[in-house]
Amino acid sequence: MPTARRLIGLIGILCLLCPAPAFASLPYWTEYFIPDQHDVWETQPVYTPVVAMTGKGKEGQPAFSEPNDLFISHNDQVYVADTGNNRIVILNPDGDFARQIAPEEGEGRLSKPEGVFVTGDGTVYVADTGNQRIAVFDNEGSFLKEYRKPVTELLPDSYFFVPRKIVVDTRGTLYIVSAGSYQGIVRMNANGDFTGFFGANRSTITFTQWMQRQILSAEQLARVTAVRPGESSNITPVSDGFLLTANSGVNSGQIKKLNAGGVDMLKNRSFQNLDQLVDVAIDANGFMYAVYRHSDGAINIYDPQGQALFRFGGISTDSERLGLFSFPTSIALNSRQELWVADSKLNIVQVFERTEFGDSVLRAMDLYDKGYYTDGQSHWEQAIALNEMLDAGYRGLGKAALKEGDYDEALTYFKQGTDPEGYSDAFWEVRLDWIQKNLLQAIAIIIMIWAASALSLRRQATKQWWKRITERPQIQTYVQEWGDFRYLLLHPYEGFYRLKERRISMVTLMTIMLGVILLTIGRTYWTGFSFDPTPVELRDPIWPILIVLGGWLTWAVANYLVSTVKDGEGRFREVMQASTFAFVPYIAFMPIYLVLTNVIVLEERVVADSLLTVMWMWIAMLMLVMTQVIHNFDFMEAIRNSAVTLLTIGVIWIMLTILTALGYNVYNFVYEFSREVIQYG
């Protein structure tokens, strides 16, 4: 018992010394999107929930019922379109009930309002969905006027004007999201005249629909349901005059930033997991906050260019926990950078406040985006102190070090931040400095090494022990085979004729393939960081080796089988050794490629990429010449044979995949069966 008590006490002390992080109690994860890697890592919260507003007033006003839209004015007053209660609720900046716009009779009476917008002078525009109009109130809540469906030939009688969201620009132009309006957002001037549709989405067709268009007649196509573009679900004003639209049912352009001409400044960018996008808010620095209904999260944060940064929150249907949503409908941002999110199923508005970590990261990212790298250094350092796995932080510190001229430190930061572009910029400066200081010495050392090597070889050639070794028949055979290997590089036809009907030693063939394997491993681990920023611990040479060796082996087998059917003269041994010798460009060029990737920058990568392309084209050409020479085909026969060989390789790999899957299933069955036999006797 004393031992047990001491053990329990020790565990308690350790728990006090190593407290759990404060965010462990949150009902959701916060994840950070790793730039350019299409992956996410868990991180500290950038926002945490603080309170849920119910909308009840001190004078007996009812709680929210299906809140569908939020708008936060310049003085942080919050306007809520309380659809179920047919009213607009105004909350003060702290979330307390202030007043409401809810006329019970007269022209101002609302019916199922789903959208609200407030101008700078306090005029309130309401998307009065149930009454199919836009209702306008002054800052005291008195009804002023209404906008109904415009009378124009441009809108057919079959078009239903059912406003759901509303935005008004500084000129008084109305932008209205109407239910079912796939044509785009309805645009009206201050007089209520229709001026056209705005920001329409593109329609996308599936492969089946494309096939229908190719096969069916015009009459048959007329009976097929038309392919219509997705609709806009919400619209948000931007301080610089742009409009953000949230679009559902589309594969790209889920968030659009439209100028006055309707051109998307985000260039129809594709956003992952936003097929159920609901609304989007934007802060003064251009960062966007999207709320959507998806199990992976509920809120995404994007930089001004649309690059995903963070996601957090979650959808829950079986519990009501602060921070989770059931049916989110709107999102808005106040001057304190607090996020307000409406939920029409839970009948609440939740408020999230930015954490210290989130504030540091987003401030630093804003300065980074604007080019103020040194100004953001302290923010990045603070963020990294809270999360050492933050790639963006090291990128920011790298930019700061680069601007200050500390290029070696910049290289370290860019490597930690997995930023090949920044690393390349810093390496350019490091390389330039090295060349200016050491170029002449390097040239002198290379000349001395070359001269010493040449002199040493001449001296060795005159020594008797060296002659005795090199004059051995077996050594001379190896030397001749390696000479033929080098000769093949520039003389493919003559080189393969030398190989025909010869028996190349197994030592030479194995040495060549060992060289190929070692160079493949070298390419995995020694390619320059600018060309392969994958962390070393995540690199795996197994698959590249299997691909190279598998391709070589299946080419030899398939080429021999196909050529045998086509009356080719080559024997399997000749095909195998000729296919091995065809890797001479790999042995010759890959070391040069590896050196280049470590001494050139990304602006010069065309040199390394061209070398790699030439290498693979050269290998393919040697395989073709090998087929022609070894099997005694003419040129066209060799091309046809090679094409069939490639097809056969595909069949072999498919069969191997199927057999592997079947073998795994058989193994799994035998394993489970034997385990049950052993367990139950």
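Residue numbers (the numbering used here): 425 to 1105. The beta carbon of each residue, even a glycine, is placed where N, CA and C say it ideally should be.
*asked:* Could you compute how far the alpha carbon of Lys589 sits from the alpha carbon of Asn658?
replied: Taking the straight line from one Cα to the other gives about 6 Å.
*Determine the DSSP secondary structure at Leu1048, reduced to helix, strand or coil.*
Leu1048 falls in the helix class under three-state DSSP.
_Cβ-based neighbour list, Ala766, same chain, cut-off 6 Å, excluding 5 preceding and 5 following_ = Within the same chain, Ala766 has close Cβ partners Pro491, Leu494, Thr753, Ser754 and Val773.
*Using alpha carbons as the reference points, say which of Glu780, Val854, Pro527 and Arg787 lies closest to Leu810.*
Glu780
*Leu864: buried (16+ other C-beta within 10 angstroms of its C-beta) or exposed?*
exposed
*If Tyr549 and Val502 are in contact, beta carbons under 8 Å, what's the gap, nearest whole angstrom?*
With a Cβ gap of about 16 Å, Tyr549 and Val502 do not count as contacting.
*Along the chain, where does the beta strand (DSSP E) that runs through Leu515 open and close?*
Arg511 to Leu515
*Could you spell out the range, first to last residue, of the alpha helix (DSSP H) harbouring Ile941?*
Met930 to Trp950
*Helix or strand or just coil, what does DSSP make of Leu1086?*
Three-state DSSP puts Leu1086 in a helix.
_Which residue wins for smallest C-alpha separation from Tyr696, given the options Asp688, Ser663, Pro527 and Leu733?_
The identity of residue 696 in the sequence shown is Gln, whereas the question assumes Tyr. Of the listed residues, the one whose Cα sits closest to Gln696 is Leu733.
*Leaving out five residues before and five after Phe618 in sequence, what residues of the same chain have Cβ atoms less than 8 Å from its Cβ?*
Taken in chain order, the residues that qualify are Pro574, Thr576, Leu578, Leu579, Val610, Arg611 and Met612.
*Would you kindly report the start and end of the unbroken beta strand (DSSP E) that includes Asp790?*
That residue, Asp790, is in no beta strand (DSSP E); its alpha helix (DSSP H) goes Glu780 to Asp793.
*Leaving aside the five residues before and after Val1049 along the sequence, list all residues of the same chain whose C-beta is less than 7 Å from its C-beta, in chain order.*
Answer for Val1049: Pro916, Tyr917 and Phe920, listed in chain order.
*Below 8 Å, can you find three or more Cβ-Cβ pairs linking the segment 1029-1038 to the segment 1074-1081?*
no
*asked:* With H, G and I counted as helix, E and B as strand and the rest as coil, what does DSSP make of Pro1015?
replied: helix
*Helix, strand or coil: which one does DSSP assign to Tyr1091?*
Reduced to three states, the DSSP call for Tyr1091 is helix.
_Segment contact, 8 Å Cβ cut-off, at least three pairs: the segment 804-818 with the segment 454-472_ = yes
*Limits of the unbroken alpha helix (DSSP H) element including Gly975*: Ile966 to Val989
_Outcome for Leu912 when other beta-carbon atoms lying within 10 angstroms are tallied against a minimum of 16_ = buried
*How about Ile928 and Glu961: do their beta carbons lie closer than 9 Å?*
The answer is no: Cβ separation not under 9 Å.
_Counted within 10 angstroms of its Cβ, other Cβ atoms place Trp889 as buried (16 or more) or exposed_ = In this prediction, Trp889 has a pLDDT of 48, which is less than 50 and means its spatial position is unreliable; nothing more can be read from the coordinates.
*asked:* According to DSSP, simplified to helix, strand and coil, what is Phe734?
replied: strand
*What's the call for Thr951, buried or exposed, on a 16-neighbour Cβ count within 10 Å?*
Counting the other CB atoms within 10 Å of its CB gives Thr951 a total of 16 or more, which places it among the buried residues.
_When Pro587, Asn724, Ala614 and Thr1051 are compared against Gly608, the one with the closest alpha-carbon_ = The residue with the shortest Cα to Cα distance from Gly608 is Pro587.
*Give every residue of the same chain whose Cβ lies closer than 6 Å to the Cβ of Met1047, excluding the five residues on either side of it in the sequence, and list them in chain order.*
Ala1006
*Name the residue from Leu763, Thr1021 and Glu570 whose alpha carbon lies nearest to the alpha carbon of Gly530.*
Glu570
*Sort out for me which residues DSSP pairs Glu570 with in a bridge.*
Ala559
_Inter-stretch contact (C-beta, 8 Å, three-pair minimum) for the segment 786-804 and the segment 505-523_ = Flag = no, the segment 786-804 and the segment 505-523 do not touch.
*Are Gly747 and Leu450 close, meaning C-beta to C-beta below 9 Å?*
yes
*Can the beta-carbon of Val662 be found less than 9 Å from the beta-carbon of Ile706?*
Yes, they are a contact pair.
*Using CA coordinates, which residue listed in Val986, Ala603 and His718 is at the minimum distance from Tyr583?*
Ala603
*Start and end of the alpha helix (DSSP H) containing Gly822?*
It spans Asp815 to Lys827 - the alpha helix (DSSP H) in which Gly822 sits, taken as one unbroken run.
*List the endpoints of the continuous beta strand (DSSP E) containing Val715.*
Met712 to His718
_Range of the contiguous beta strand (DSSP E) that encloses Glu1027_ = Note, Glu1027: premise wrong, no beta strand (DSSP E); not H, not E.
*Residue range of the alpha helix (DSSP H) that Gln801 falls in?*
Gln801 to Leu810
*Whole angstroms is fine: what's the gap from Asn671's alpha carbon to Asn692's?*
11 Å
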